[in-house]
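Residue 18 in numbering that gives the first Met the number 0 is what sits at position 19 of the sequence shown, and the numbering runs on without skipping anything. C-beta: ideal position from N, C-alpha, C; glycine also. None of the values given here were measured: they were computed from a predicted structure. Structure first, commentary second.
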Amino acid sequence: MRIVVMSDSHGRIERIKKVIEEQPTAELFIFLGDGTRDFHAAMRGVPKEDWCVCGNCDFGSGDDYNMVSYVKDVKFYCTHGHQWNVKYDLNQLIDAAKKKEIKVLLYGHTHQTHYEYRDGMHIFNPGSLGNPRSPLYPTYGVIDIQGKNIVCSHLRLEETV
Numbered sequence: 000m001r002i003v004v005m006s007d008s009h010g011r012i013e014r015i016k017k018v019i020e021e022q023p024t025a026e027l028f029i030f031l032g033d034g035t036r037d038f039h040a041a042m043r044g045v046p047k048e049d050w051c052v053c054g055n056c057d058f059g060s061g062d063d064y065n066m067v068s069y070v071k072d073v074k075f076y077c078t079h080g081h082q083w084n085v086k087y088d089l090n091q092l093i094d095a096a097k098k099k100e101i102k103v104l105l106y107g108h109t110h111q112t113h114y115e116y117r118d119g120m121h122i123f124n125p126g127s128l129g130n131p132r133s134p135l136y137p138t139y140g141v142i143d144i145q146g147k148n149i150v151c152s153h154l155r156l157e158e159t160v
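Structure, rendered in structure tokens:
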């Protein structure tokens, strides 16, 4: 199963649409905040499952800040991350996820890609579609789950200018 993870579009709805086009086999699209309106608009008419959490710039959003859900038997925790001070340190967020026995922890907010595997947990930030900081080009993530194997990857959004 392929899952696409996006974050921080900040008004760049065309980039979300491009990701959707690039990933026709994805079964689930996850958005991690700061552009929930963009995400909901881009997903209109797309016959795929989607999850969305709001970020610190999503004023008036009806989406929750945090979400715990399952893909098959894999427990996911999704958050934008600003409430956990992820720009400074991940430990507070990781400790909270451990208490919930999370297997895949997804967060955004930093506009930087990140992946690590720690204590049986995949910790993944897809980077930013709107205002990337590191790397300096738009990125998103894919998570491939086959049986017990979970593989997290960052992909560069190839833009046509």
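Selection N55, V52, I101 evaluated against F75 yields I101 as nearest (Cα-Cα). In the assembly as shown, R117 is an exposed residue. Its beta-carbon has fewer than 16 other beta-carbons within 10 Å.
The alpha-carbon of Y114 is positioned some 20 Å away from that of K99.
Restricted to the segment 27 to 90, the alpha helix (DSSP H) segments that are unbroken, complete and at least 4 residues in length are 35 to 42, listed in chain order. In the DSSP assignment, E21 falls outside any beta strand (DSSP E) and within the unbroken alpha helix (DSSP H) covering 12 to 21.
With respect to the 7 Å criterion, Q22 and V4 are not classified as neighbours on the basis of their beta carbons.
Annotated three-state conformation of I101 is coil, per DSSP. Spatial neighbours of M66 in its own chain (CB-CB distance under 7 Å, excluding positions within 5 residues in sequence) are listed in chain order as W50, V52, C77. Partner residues in the beta bridge of H153, as assigned by DSSP, are G140. Closest by C-alpha distance to M42, out of K16, Q111, D94, S8, is K16. In the DSSP assignment, E115 falls within the beta strand (DSSP E) that extends over 112 to 117. In this structure, the straight-line span from the alpha carbon of G119 to that of W83 is close to 20 Å.
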